[in-house]
Every structure is written in C-alpha cells, then in structure tokens.
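Protein chains in written order, with my numbering: chain D, 534 to 858; chain X, -5 to 290.
Note that beta-carbon positions come from the ideal geometry of N, C-alpha and C, so glycine has one too.
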Amino acid sequence: MNMLLEIKNLSVSFSSMQEKILALRNVSFSIQKGEIVGIVGESGSGKSVTALSILGLLEKNATIESGSIFYKGTDLITLERKALQSLRGKEIGMVFQEPMTALHPTMRIGAQLAEVIRRHRRVSWREARRLAVESLAEVHIRDPELVARKYPFELSGGMRQRVVIALAMSSPPELLIADEPTTALDVTIQHEILKLMQELAIHRGTAVMLITHDLGVVSQVCRRVVVMYAGEVVETGTTDEVLRHPRHPYTRALIGALPDLAEPGQPLMAIPGDPPDLRRRPPGCAFAPRCSRALPVCFEDHPLLELAAGESFTHYVSCWGGKTG
Amino acid sequence: MSSTTTNPNNLSTVAAARMANPFWHRIRRNPLTLFGLFLLLLIVLMSVFAPWISPYDPTKIDIAGRFAPPSAEHWFGTDEVGRDIFTRILYGARLSLGVGVAVVVCAGLIGTVIGAISGYFGGKPDQVIMRLMDIVLAFPALVLAMAIAATLGPNLQNAMIAIAIIKIPVYVRLARAEALALREKLYVKAAVTFGIKPWRIIARHIVPNAISPVIIQVTLDIGDAILLVATLGFLGLGAQPPTPEWGAMISIGWKHLLDYWWYPTFPGLALFLASCGFNLVGDGIRDILDPRENRA
C-alpha cells in the first residue's frame, strides 16, 4: 500500500461575526509515498487552509464540517491533540513562504535545529548539535559549521529557506508540506530550492505537497497536480495531463496567462472578473461567472469531480463542458 | 588615490567602535543618564565597602555620644543612642539596594512568566489571570502594600512580599501584550508545526522575546521599590529597629528634626539620591532599548 495521505470530501468553514464562510468544499485528493504533488490555485482558493487542516493548526474560528484526512490509514481529524503534536515535525514537516520571518530571530541556527531534533529523537545536546550541522550540509549549505553558529539575520533569503527546509526535514518526515516555498525568493534561488526539494524527495522517499500559484514551478518538479478554485478541486491529474491537455476552463485560463506555457504567437490571456465571494456561493459551478464557455447548466447545478474522457484513469475534472471536450 | 578622499580605514574604525558597543556609545551622549549611573555606582561602591569606609559598628550604642552634630569624627552626626548616622546610611544602602533589586527582579520574573502564559494560551485562563491582575491594580499601590504587609505582620520579609505582589500585575500586562503579538509571528507558528510543545515555546520563543520591555520596567521600578521599602519602614511595617534601614531611620529621626536636623536629613538625602539614580538610569535605558521613544 503506497498511499500516504488521502483527503476525502474535506469541508472547512470559517465563522466571523454572523457569517459562515465555506473555505473548503468537498476537497479530495491523495498523495503517494515519495511523490511530489503540486497544489495550484490563486490566493484564497483554499491551498493553505488545506495544509493547515492536515497539521491540525486551523485558527479557532474554523470548523471542519465534514470529511476525513487519512494519514497512513489513521484519520488526523479524530486524532487526539497529543498524538497530532508528536506527528507534527516528525512525520509531517512544513516549510513556509516567508523564510525571513520563519526563524527565531535571537537563537543561533544550530540551536534551533538542535531543539527540533531533540524534540523528536532522544539524543544528547552534543549529538543534536552534530546532527544539526549534518542536516545543514544536506541542504547544500557550504561551511555548515559556521552557519550553525550564525543568527538568522546574518543569512540571505535563499540560505534561510535552506535552513527552514533543513528544520522541516530534520526528523526526517514522510510528508513535507511546502507552502509557496519559493515565492519570496528570486528566480535563480527558486530553481536551486526546487532542485533541493526534488532531490530530498527522491533520496529520502519524502512525499512533498507543494503549494504554489506558479504553474512553471509545477511543471518543473511535480508528478501530479491538483488545481483548486474557490475552495474546491476543479481538476487533478498527472502534470502532463493537466498542463498539456487541460479540461477545466480555469486550468486553461491559468496556463493561457503564463508566458512559459502559453502557445507561442498567441497573446497572453488574463482571466476576466474576480475570484468569487465565498460568502455568496453560486448554486452552480463557482467559476461559471468568469468562464468563457459557460452553459446554462453551469449556473444552476454544481458539477462533480469525474473522470475526464480519454484513456487516462488519473485525470479528473469538475466541469459540465470539460468532461468531453 | 587622491588626497581629498577621506581615509576609509579611519571611518570604519569609528563605525566599528560604535557597532561594538552601541549601548555605551548612546549612554555617553546622555548627561543625565551618565549622572544617574555615577550616583548608582557611588552608592553601590559605598555599600559594598562599608566596613572599610567607616570604623564604626552600625548598631553599636554609645549613650554618652548621643545627638552629636556632624563633625570630622561623625560626618553625619549620631542618633538618639549615639550610633554613627553615616555608618548606618552605608549599611542601610546595602539593605535598600538589595531589597529593591531582589523584589523587582522577582516580580519581573514571576510577572513575565504569568503574562507569557496568559497571552500565549489566551481564552479563559487569560481572562481569569487578567481579571485577577485588574483587582490588584484597582487599589492604590501603597495602600494595598500597607494592607498586605500589615496582614502578614510587620517585618522586612513581609514588606518585600507585599511590594512584589503590587508590582507583579505591571509585568504580567507587559509580557502578555508582547506574547499576544509574538503568538502571531511566523517563527512561533513554525515552531508549532515542528511539533515543539507549548511550554517549551513559551520558554524559548515567547519569554526571551518579550523580555526587553520588562527589563526597562525593572530598571524604572527599582527606585520606586526602594522608596516603597523605606515608606513601609517609615510606617513601621518594614524593617524593625535596630536594623539600619533608611525609612525606619527617618521615621524615628523626624521627631527630632527641629533639635537635631541631621538625624532625619541625611537618611532622607540618601534615599532621594538612590531613587533619583535608579530613575535616571531607567529612563536612559528605556531611551536606548525602545526606538519608538527615541529623541535625537
């Protein structure tokens, strides 16, 4: 059995003042052991909420309405707090978008790493220090001994993100959740960090859930893609299927808006309109108001995530028009 | 190359010196802080070297030499049982400084820990803790301290406990405010995702990063605590005679003010200078550590 993480029909709502906002709606996808899966979507599409739900770190005003998150067969939602706490960092690691603020400002790098290592392994401080330096070397930091003695402010953004990855990978986890790990970095560093994560995934068999809004990043490293829109999964499949033969108009629009993947000679297409107001979900497809191919049925009935037409058994799409065409 | 360019080496040495000790550099530019520092240093040295500075015993009674006016022999005169007032002030400085620092540091530590816990966890425990602190703050500090000291019984230890109790809420509020802000910081959230336990996050992430306003408040409060100790002593609720304590000395001495002016005057002056010194230094440290209140 190779299934590592399986999310089934997950719905999460946030309640503010009087309103209740459905941030995730029937989200389902899975991640196999050692697989890199990209979660794509624009801001507010529920990518980060999904990640926080897995870790059990949703804010207090969030409620899980329904669904389950199976990790190695156990449902994380029903798991008690203590057990989840020891799962965090040990089995599931997380890398954040902002490497500038994700490190403790007044603790030396080595001490931070050693602290996380000691949390999950019964080793002495001396041994933890040694492992800390070792883990810095594994994320290709030159002169790890020296860096271990530095404070975060003495490091560049790329270096800090490497340290954050080293922190997240120190146990090492089976699943690494990376929430836009390269967004805050410049392009050359982005590439190095992606290569590093890919390498770690291959060597250690760590599965990576790569949250991003950058399809270019996805095409570089991911085996499979989950496209999210307005808190729903609208299309999922192998990277090849989704990027080469997109079925959902939203996925097409995303690709059309990307210089690297768009057809040469064609003008770049911006997606008209705004993301939907989650307080007032339309009864039909959430993307219908912005969709250029919307049919009357799109505004009335919500489409289901179903196998797209074709030979593939991995390509799913949630669109009235997209299944066939 | 050209002679008009300033020597870069020179510049960098100045900058390096400034970088090496920015604290001292900034204190030096503030004459009042410097004066406060000088006062404190003087008082500390005098209290430490008291036995070498004065040949007298602070509690040795010499009825024959009672109420002697200031002279070369007794610089500040003698009291109603012939004890040397200068000597008693020196030993009193030991007591006042020791008690002032100990009480405020204790209150600061306890308050910071309570505040960090309260702010980090939030919710019901936070509500309960903060309402308790509000109750303490609702009373005038001195009145509450007197009430606590009187209830526990008049001695120095109980006076210290009373002062610590009335000081704690200030630190709880300071630390809680910092904890509330720190709780939202990404590195604290990151620590949670690494599975670090809450008490450890409070100890390693919240308390160390919430400590700087507490340090400022501690330096400001020591002078106040010294005054409070003396006040309780003056009212008979603190150190009991014959302990050489400034407040107690003033308390007995003021009855003799018209006949023997030196008796209450010199302990009063010592008290004034000590609390003055702590307040000036406290202000100076606040200016340095708190960039928001920076006056160029």
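Give me the Cβ distance between residue i and residue j, rounded to the nearest whole Å; I'm assuming they're in contact under 8 Å.
i	j	result
residue 697 of chain D	residue 642 of chain D	Contact flag wrong, Cβ pair sits at about 10 Å.
residue 718 of chain D	residue 726 of chain D	6 Å
residue 770 of chain D	residue 757 of chain D	7 Å
residue 706 of chain D	residue 623 of chain D	7 Å
residue 695 of chain D	residue 672 of chain D	4 Å
residue 208 of chain X	residue 160 of chain X	Residue 208 of chain X to residue 160 of chain X, Cβ: 16 Å. No contact.
residue 598 of chain D	residue 548 of chain D	Not confirmed; about 11 Å, so no contact.
residue 569 of chain D	residue 811 of chain D	Rounded, the Cβ-Cβ distance is 29 Å, inconsistent with contact.
In the structure shown, what three-state DSSP assignment does residue i receive?
i	result
residue 78 of chain X	strand
residue 237 of chain X	coil
residue 763 of chain D	coil
residue 242 of chain X	helix
residue 674 of chain D	coil
residue 218 of chain X	helix
residue 719 of chain D	coil
residue 71 of chain X	coil
residue 695 of chain D	helix
residue 40 of chain X	helix
residue 1 of chain X	For residue 1 of chain X, the pLDDT reaches just 49, beneath the cut-off of 50, and the residue's location in the model is therefore unreliable, leaving the point undetermined.
residue 849 of chain D	strand
residue 639 of chain D	coil
residue 817 of chain D	coil
residue 577 of chain D	coil
residue 740 of chain D	strand
residue 27 of chain X	helix
residue 773 of chain D	helix
residue 626 of chain D	strand
residue 656 of chain D	coil
residue 745 of chain D	strand
residue 592 of chain D	coil
residue 826 of chain D	coil
With 8 Å as the threshold, decide whether the Cβ of residue i is near any Cβ in chain D.
i	result
residue 186 of chain X	yes
residue 332 of chain X	Summary: the structure shown does not reach residue 332 of chain X, with chain X confined to residues -5 through 290, and so no result is reported for it.
residue 189 of chain X	yes
residue 179 of chain X	yes
residue 60 of chain X	no
residue 250 of chain X	no
residue 88 of chain X	no
residue 68 of chain X	no
For the ligand ADP, is there a heavy atom less than 7 Å away from the beta-carbon of residue i?
i	result
residue 164 of chain X	As far as ligands go, the structure on display features none, and thus does not contain the ligand ADP.
Just to confirm the assignment, what range does the beta strand (DSSP E) spanning residue i have?
i	result
residue 599 of chain D	595 to 604
residue 564 of chain D	553 to 565
residue 541 of chain D	536 to 548
residue 711 of chain D	708 to 712
residue 571 of chain D	569 to 573
Any beta carbon of chain X sitting closer than 8 Å to that of residue i?
i	result
residue 618 of chain D	yes
residue 649 of chain D	yes
residue 858 of chain D	Unreliable placement is indicated for residue 858 of chain D, whose pLDDT of 45 sits below 50; the coordinate value is still reported in the next sentence. Closer than 8 Å: no.
residue 700 of chain D	yes
residue 739 of chain D	no
residue 652 of chain D	yes
residue 621 of chain D	yes
residue 671 of chain D	no
residue 590 of chain D	yes
residue 730 of chain D	no
residue 637 of chain D	yes
residue 562 of chain D	no
Identify the continuous alpha helix (DSSP H) that holds residue i and give its terminal residues.
i	result
residue 123 of chain X	117 to 132
residue 787 of chain D	782 to 789
residue 154 of chain X	150 to 177
residue 282 of chain X	256 to 283
residue 65 of chain X	First-last for residue 65 of chain X: undefined, no H or E at that position.
residue 53 of chain X	No alpha helix (DSSP H) contains residue 53 of chain X, which DSSP labels as neither H nor E.
residue 140 of chain X	135 to 146
residue 682 of chain D	That residue, residue 682 of chain D, is in no alpha helix (DSSP H); it is neither H nor E in DSSP.
residue 618 of chain D	614 to 620
residue 833 of chain D	829 to 833
*Between the region 535 to 543 of chain D and the region 560 to 575 of chain D, do at least 3 Cβ pairs fall closer than 8 Å?*
A contact exists between the region 535 to 543 of chain D and the region 560 to 575 of chain D.
*Touch test, the region 576 to 585 of chain D against the region 760 to 768 of chain D, Cβ-Cβ under 8 Å, three pairs minimum*: Yes, the region 576 to 585 of chain D is in contact with the region 760 to 768 of chain D.
*Check whether the region 82 to 98 of chain X touches the region 44 to 54 of chain X, counting contact only when three or more Cβ pairs, one atom from each stretch, lie closer than 8 Å.*
Verdict: yes, contact present.
*asked:* Under 8 Å: do the region 214 to 229 of chain X and the region 259 to 276 of chain X share three or more Cβ pairs, one atom per stretch?
replied: The region 214 to 229 of chain X makes contact with the region 259 to 276 of chain X: 3 or more CB pairs, one atom from each, lie closer than 8 Å.
*Quick check: the region 132 to 150 of chain X against the region 69 to 78 of chain X, are there 3 or more CB pairs under 8 Å?*
By the Cβ rule, the region 132 to 150 of chain X does not count as touching the region 69 to 78 of chain X, because fewer than three pairs are nearer than 8 Å.
*Taking one C-beta from the region 97 to 104 of chain X and one from the region 118 to 130 of chain X each time, how about it: are there three or more such pairs within less than 8 Å?*
Output reads no: the region 118 to 130 of chain X does not touch the region 97 to 104 of chain X.
*Assess, as a yes-or-no matter, whether the region 591 to 603 of chain D is touched by the region 630 to 645 of chain D under the definition of 3 or more beta carbon pairs within less than 8 Å.*
The region 630 to 645 of chain D vs the region 591 to 603 of chain D: no contact.
_Using 8 Å as the cut-off, can you tell me whether the region 771 to 790 of chain D makes contact with the region 838 to 853 of chain D, which would need three or more C-beta pairs spanning the two stretches below that distance?_
Cβ pair count under 8 Å is three or more, so yes.
_So if I threshold CB-CB distances at 8 Å, which residues from the region 161 to 175 of chain X count as touching chain A?_
Absence of chain A from the displayed structure is noted, the protein chains being D and X.
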